[in-house]
Amino acid sequence: MKLFKRRAKPDEVKTEALADGDNLGAPVSTDDIVGRSEQAADASSAPAGEAGGDGASDSGSSVFERLRSGLSRSRGQLSEGLASLVLGKKQLDPVLLEALEEQLIMADLGLEATDRVLESLRLRLGRSELSAEETVMSALKDTLTELLADQESPLSIKAHQPFVILVVGVNGAGKTTTIGKLAHRFKQQGHSVMLAAGDTFRAAAVEQLQAWGERNDVPVIAQHTGADSASVLFDALQAAAARDVDVLIADTAGRLQNKSHLMDELSKVVRVMRKQNESVPHETLLVLDAGTGQNAVSQAVEFDQAVGVTGVAVTKLDGTARGGVLFAIAHKLKRPIRFIGVGEQADDLRDFSARDFVDALLDDG
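Numbering of the sequence shown is given in our numbering, commencing with residue 802 and proceeding in unit increments.
Laid out in structure tokens, this is it:
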């Protein structure tokens, strides 16, 4: 398979495209600036500023404080209302239950997750599990943590070469930015990384991914706008295997979950990739924008039916008061929540921890 490369600056990575004889289009230049339209759709679209690694070197307290800061708007929506209801209370009476139900629904937990939380609270308090020091609030924290705990499972790079991560989601959810942050993370961990520009529909998508590739010094396999996405990812998989790349992260075009023909195209991408390697993708990562609220839950269900979601990244938690939707996603989808995004820096994409999330969400400072 022939490859040709553009001339790059010393501190830039080379972006690659297969020759026309290999059924690929011409290479795409990275000289253009990422489109303003994508920046509007994705508040954290540009590569992050100077960030100090993947956060592994941060102290535990600073990591929690950054998480707490990122969840400030959601905390204002949920914690303040709950505190006024349950502060110091040790019994769960019908009036309090009704008020709790209303508050949890307003915080975007959704009906099903709210019902589960309240039922768990009833059982916990009915068994007289509260000690003299405990309150309804502490019991609520434990109940919310339990709801999320089953979906706490950090992404582990297995011994595949390459380990293929297919990133899916609707337009504007933050897929490409998440890919850039993942590339940064895996490079920091010592893995070799390659990116595949499978979003061939949006004009700025390739340039944006190339900017992240240059930032992280990783190669990007790309074609021209409008090329067949399945072909791009097939060839990227071939290139990654030939070079013994550890991790291949594949972008895909954003699509509305209620457009069946677009979801069918996504299924086709997976089928084409499996012609070369039946085990791929090893992770199908669904990126959801927390700001879309309960619509994120329907997105999760539809994408799971189309391609079999194996993990979730919930982004833009720092820009919304709808962080409670994480509970609804965990309850409905029952898939691991791999990452949460709480800021624009590369290391603001964090491994999900149920206890830390609940503590940061309900901590009154």
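Glycine included, C-beta positions come from ideal geometry on N, C-alpha and C.
Just so it is clear, the structure is predicted and the values come from calculations on it, not from any experiment.
Pair within 8 Å by beta-carbon distance, F987 and V1048: Position 186 of the sequence shown, counting from 1, holds the residue named residue 987. Position 247 of the sequence shown, counting from 1, holds the residue named residue 1048. Cβ atoms of F987 and V1048: closer than 8 Å.
Go to D943, then tell me how far its alpha helix (DSSP H) extends in each direction, as first and last residue. Translated into the one-based positions of the sequence shown, residue 943 becomes position 142. V937 to A950 is the span of the alpha helix (DSSP H), which, as asked, contains D943.
In or out: Q1106 buried (at least 16 other Cβ within 10 Å) or exposed? Position 305 of the sequence shown, counted from the first residue, corresponds to residue 1106. Counting Cβ neighbours within 10 Å, Q1106 comes out exposed, since fewer than 16 surround it.
With 16 other CB atoms within 10 Å as the buried threshold, where does E1103 fall? Numbered from 1 along the sequence shown, position 302 holds the residue referred to as residue 1103. Label assigned to E1103: buried.
Along the chain, which unbroken stretches of the alpha helix (DSSP H) at least 4 residues long are found entirely within the segment 1007-1065? 1030-1043
Cβ neighbours of V937 in the same chain (closer than 7 Å, five flanking residues each side left out): By one-based count along the sequence shown, residue 937 stands at place 136. Only V887, K890, K891 and L893 meet the Cβ criterion.
Drop a sphere of 10 angstroms on the beta-carbon of Q1100, count the other beta-carbons inside from all chains shown, and report buried for 16 or more, exposed for fewer. Position 299 of the sequence shown, counted from the start, is the residue given in the question as residue 1100. Q1100 comes out buried.
With DSSP as the reference, label T1111 as helix, strand or coil. Along the sequence shown, read from residue 1 onward, the residue named residue 1111 stands at position 310. The answer is coil: DSSP assigns T1111 none of H, G, I, E or B.
Taking just the CA atoms, how far does S873 sit from V1070? By one-based count along the sequence shown, residue 1070 stands at place 269. By one-based count along the sequence shown, residue 873 stands at place 72. Each residue's Cα considered, the two are about 38 Å apart.
Starting from L901, follow the alpha helix (DSSP H) in both directions and report where the run begins and ends. Stepping through the sequence shown from its first residue, residue 901 is reached at position 100. First-last of the alpha helix (DSSP H) with L901: P895 to M907.
Supposed close pair V968, T979 - CB separation, criterion 8 Å: Position 167 of the sequence shown, counted from the start, is the residue given in the question as residue 968. Position 178 of the sequence shown, counted from the start, is the residue given in the question as residue 979. At roughly 7 Å, the Cβ-Cβ gap stays under 8 Å, so V968 and T979 are in contact.
Whole beta strand (DSSP E) elements within the segment 1122-1154, 3-residue minimum: 1138-1142 and 1150-1152
Please report the straight-line C-alpha distance between A997 and D1149, rounded to a whole angstrom. Working through the sequence shown from its first residue, we reach residue 997 at position 196. Working through the sequence shown from its first residue, we reach residue 1149 at position 348. Approximately 23 Å between the Cα atoms of the pair.
If we ignore side chains and look at the alpha-carbon of each, how far apart do L1079 and P963 end up? The sequence position of residue 1079 within the sequence shown is 278, counting from 1. The sequence position of residue 963 within the sequence shown is 162, counting from 1. Note that residue 1079 corresponds to Glu in the displayed sequence, not to Leu. Approximately 13 Å, taken between the alpha carbons.
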